[in-house]
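In my numbering, the protein residues as written are 43 to 560.
What follows is one structure encoded as structure tokens, with my remarks underneath.
Laid out in structure tokens, this is it:
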């Protein structure tokens with residue numbers, strides 16, 4: 043069931059990303075191409091754009107910070123972790139774990155509704171195609187110019203699909219421009235464009251702008267076929283009068299290419315409009331920065347290494363709901379969900395496995411096995427502190443287990459408790475947890491020490507007050523031996539503490555004692 047739910051979330055993310063791209067395509071087309079008369083270009087902008095939109099979500103790019111558009115997709119990916127961390131009321135920093143199912147229930151409900159819509163649209167298309175092919179196969183066809191003409195003696199609205207054209211026999215024998223119009227649909231292969239957009243609509247039925255794309259594509263097909271008819275020497279006025287006479291009744295099948303499937307007024311307007319110059323093709327180049335922007339928006343964050351020493355790196359990631367993932371920092375390796383009860387055992391196993399792997403490959407040049415702690419800016423410091431304690435315990439158990447088999451010197455060298463913090467996960471290049479530096483931080487307190495004596499103190503301070511206090515202390519005390527003791531509330535977030543540390547770093551107060559109380 044977990045695997046199915048993970049696939050469900052992955053599909054949902056792809057669906058939303060591709061729908062976002064298709065929405066941008068519609069806006070791009072309406073802005074730069076909808077009013078132009080280069081119909082072949084317009085057609086390929088739409089068809090090529092739709093194919094590109096389906097592929098863009100698979101393009102992978104890593105950035106130092108996570109773009110704003112990516113943040114909701116990242117939050118959905120975190121749904122795959124079906125646990126919830128809850129503070130124990132009487133244990134201070136301790137945490138307990140219990141399953142969380144609410145968001146899964148909503149996801150399942152959404153999936154049922156979504157698949158119902160997909161099924162309804164699919165059945166509509168299937169029923170339409172069955173009726174269409176019944177019309178094609180009900181009558182013998184006549185081959186002419188490489189096309190199959192299915193001719194009826196009864197009045198029938200003409201349409202085409204593939205190499206088949208269904209129309210009235212009298213119109214065919216009279217060499218009506220309708221014949222030439224339907225022939226153009228077949229020559230250009232418009233039915234395959236229709237098939238593509240219909241397949242897309244099965245999955246994107248809920249996006250009204252994708253239906254708008256279908257309407258735009260159908261219009262381009264008609265404009266292109268009309269242009270082909272006029273290029274054969276048909277008089278424009280006679281052809282337009284024929285359009286008016288034919289514009290009675292309803293369309294036959296939306297999946298076929300028909301003679302009156304588009305707005306009559308718009309078709310006549312396009313035939314009368316002066317043809318755009320070839321320079322309009324250069325507008326396609328505007329799609330390059332648009333596609334690059336989409337790839338950037340979908341980019342994943344990459345946390346850069348902060349240690350220059352060669353090391354085997356494991357990563358413990360805590361998301362904003364205080365769920366933990368642990369595993370090799372290599373992005374190819376899938377990290378494993380860990381809870382409080384199993385964290386120590388799983389970390390110990392990863393440490394011992396990493397040591398055995400290093401020892402088997404390079405006995406002479408072993409290097410430290412370290413844990414990098416990465417947290418969401420909204421993760422609780424209490425959860426991180428408790429996890430760090432469990433990491434230290436796991437290191438001790440791993441050393442004890444490995445020393446029975448491997449040289450003690452190598453074990454101590456590689457498995458000295460070593461872990462460091464990376465910058466908290468940030469969305470849209472905003473690594474801070476404090477939006478307004480002038481707003482006080484309730485529950486936070488800080489003491490400044492110079493040469494082991496108390497030199498100053500702040501309570502419920504703002505970041506601006508902290509910066510001013512540091513400047514004052516550095517002017518009053520020329521000694522370099524500064525130390526800081528920081529008090530944080532039990533529900534402190536990683537982002538706020540990170541902001542405070544950044545202010546301290548700018549003030550060169552790097553010796554930080556992080557506590558829960560003075």
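Yeah, the Cβ is synthetic: ideal placement off N, Cα and C, and Gly gets one too.
Small disclaimer: the values here were computed from a predicted structure and weren't measured.
**Item:** In chain order, each beta strand (DSSP E) run of at least 3 residues that lies wholly inside the region 436-494
**Value:** 461-463, 487-492
**Message:** I'd like to know whether the C-beta atoms of residue 79 and residue 312 end up nearer to each other than 8 angstroms.
**Reply:** yes
**Cα-Cα separation between residue 278 and residue 308, rounded to whole angstroms** = 15 angstroms
**Message:** Applying the 10 Å Cβ sphere with the 16-neighbour rule, what's the burial state of residue 231?
**Reply:** exposed
**Asked** Are there 16 or more other CB atoms within 10 angstroms of the CB of residue 340, so buried, or fewer, so exposed?
**Response** buried
**Asked** If you scan the region 210-283 from start to end, which runs of the beta strand (DSSP E) of 3 or more residues do you find wholly inside it?
**Response** none
**Request:** Give the secondary structure of residue 147 by DSSP, where H, G and I count as helix, E and B as strand, and everything else as coil.
**Result:** helix
**Prompt:** To the nearest angstrom, how far is it from the Cα of residue 251 to the Cα of residue 161?
**Reply:** 20 angstroms
**Asked** Which residue or residues does DSSP assign as beta-bridge partners of residue 331?
**Response** Answer is none; residue 331 lacks a bridge partner.
**According to DSSP, residues forming a beta bridge with residue 501** = 487
**Asked** Any idea which residues DSSP pairs residue 416 with across the strands?
**Response** 359
**Message:** Tell me which residues share the same chain as residue 76 and place their Cβ nearer than 8 angstroms to its Cβ, disregarding the 5 neighbours each side in the sequence.
**Reply:** 84, 258
**Item:** Proximity of residue 529 and residue 486 at Cβ, strictly below 8 angstroms
**Value:** yes
**Item:** residue 366 versus residue 381 - alpha carbon distance
**Value:** 7 angstroms
**Alpha-carbon to alpha-carbon, residue 288 and residue 336** = 44 angstroms
**Request:** Can you grab the Cα-Cα spacing for the pair residue 268 / residue 315, in whole Å?
**Result:** 13 angstroms
**Prompt:** How about residue 390 and residue 357: are their beta carbons less than 8 angstroms apart?
**Reply:** no
**Prompt:** With 16 as the cutoff for other CB atoms within 10 Å, does residue 93 come out buried or exposed?
**Reply:** exposed
**Prompt:** When every heavy atom of the ligand NAD is checked, does at least one fall within less than 7 angstroms of the C-beta of residue 236?
**Reply:** Ligands in the displayed structure: none, and consequently the ligand NAD is not present.
**Request:** Per DSSP, which residues does residue 4 bridge with? Please list them.
**Result:** Given a span of 43 to 560 for the chain in the structure shown, any question on residue 4 remains unanswerable.
**Prompt:** Are the CB atoms of residue 193 and residue 211 nearer to each other than 8 angstroms?
**Reply:** yes
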